[in-house]
Amino acid sequence: MNSSDEEKQLELLASLKDQAIGEYEELRAENKKTKEECDKIKQERDEAVKKLEEFQKISHMVIEEVNCIQNHLEIEKTCRESAEALASKLNKENKTLKRISMLYMAKLGPEIITEEINIDEDDSSTDREANSGSCNSVHCQQQIKELRDQIITVHEEKKTLAIELENLRCKLVEVIEEVNKVKEEKAALTTEVNKQQKLLEKCNRVSVLE
Numbered sequence: 097m098n099s100s101d102e103e104k105q106l107e108l109l110a111s112l113k114d115q116a117i118g119e120y121e122e123l124r125a126e127n128k129k130t131k132e133e134c135d136k137i138k139q140e141r142d143e144a145v146k147k148l149e150e151f152q153k154i155s156h157m158v159i160e161e162v163n164c165i166q167n168h169l170e171i172e173k174t175c176r177e178s179a180e181a182l183a184s185k186l187n188k189e190n191k192t193l194k195r196i197s198m199l200y201m202a203k204l205g206p207e208i209i210t211e212e213i214n215i216d217e218d219d220s221s222t223d224r225e226a227n228s229g230s231c232n233s234v235h236c237q238q239q240i241k242e243l244r245d246q247i248i249t250v251h252e253e254k255k256t257l258a259i260e261l262e263n264l265r266c267k268l269v270e271v272i273e274e275v276n277k278v279k280e281e282k283a284a285l286t287t288e289v290n291k292q293q294k295l296l297e298k299c300n301r302v303s304v305l306e
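In my numbering, each number is its position in the sequence shown, counted from 1, plus 96.
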């Protein structure tokens, strides 16, 4: 082999070496960029998971609050029904006592008998007033209205949280898919870097032998 051929081979090896070094540096830079993107996506994933946990916690608290309000409303309803039943019973007993009283009073004089005629009308009026008082008291109706408003508000908040939770889950799925994609790209880049590094080492060994 003459000197001219040796020089051409050396030039070719030098060219291949420079090319391998250039590709290696490009792959290193691209690998670094991919790693940074992967770290960023992981951070977004961690933040999404944290928000998801917070929403789940808030959702659980809202459900407990709704159950508590509903139980309170049921207790209020039971108390009101019991009060109405007691008022009705007392009115009936009062009606009976009035009749007995009037019968005894009738023995005292005829002028008392005329009052007995109006007992039924008075009792009917008393029953209506008692029922009205037990069912439509301002305090009772105000408490029921407040509880209903609270239930409506809590249900609306629950719906909003459910929508946000679903959106967050979709975002988390997208982030996981992106992370997997980046991992695949990183693995491919690592394989290519190793390949170029072996080629570079081979070129260096050939240069040393020459």
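Ideal Cβ positions, reconstructed from N, Cα and C, are used throughout, including at glycine.
Quick one: Cα of T51 to Cα of A181, how far? Residue 51 cannot be examined here, being either before or after the span of the chain that is shown, 97 to 306.
Is L268 near R141, with beta carbons less than 8 Å apart? yes
Have a look at H168 and E281 and give me their C-alpha separation to the nearest angstrom. 58 Å
Taking the alpha carbon of L264 as the point to measure from, which residue in E102, K147, I248 and K291 has its own alpha carbon closest? K147
Between A116 and L257, what straight-line distance do the alpha-carbon atoms span, to the nearest angstrom? In a straight line, the C-alpha of A116 is about 55 Å away from that of L257.
Once you ignore the five residues that flank V278 on each side, which residues in its own chain have a CB closer than 7 Å to its CB? T130, E133, C134 and I137
Nearest-angstrom Cα separation, counted from E260 out to F151: Rounded to whole angstroms, F151 to E260 spans 8 Å at the Cα level.
So, using beta-carbon positions, are Q246 and I165 closer together than 8 Å? yes
What's the gap between the Cα of I154 and the Cα of I272? 24 Å
Does DSSP put A226 in a helix, a strand or coil? Its pLDDT being 43, under 50, A226 is placed unreliably by the model, and the measurement read from it follows with that caveat. Residue state, collapsed to three classes: helix.
Report all residues from its chain with a CB closer than 8 Å to the CB of I159; omit the five preceding and five following residues, and keep chain order. K254
Quick one: Cα of N276 to Cα of E143, how far? Cα-Cα distance, rounded: 17 Å.
Distance, N163 Cα to K188 Cα: 38 Å
Whether V289 touches R124 by CB criterion (8 Å): yes
Relative to the C-alpha of E274, which candidate in Q139, R195 and T287 has its C-alpha closest? Q139
To which residues of the same chain is L285 closer than 8 Å at the C-beta, ignoring the five residues directly before and after it? L123, E126, N127 and T130
Cα separation between E121 and C266? 37 Å
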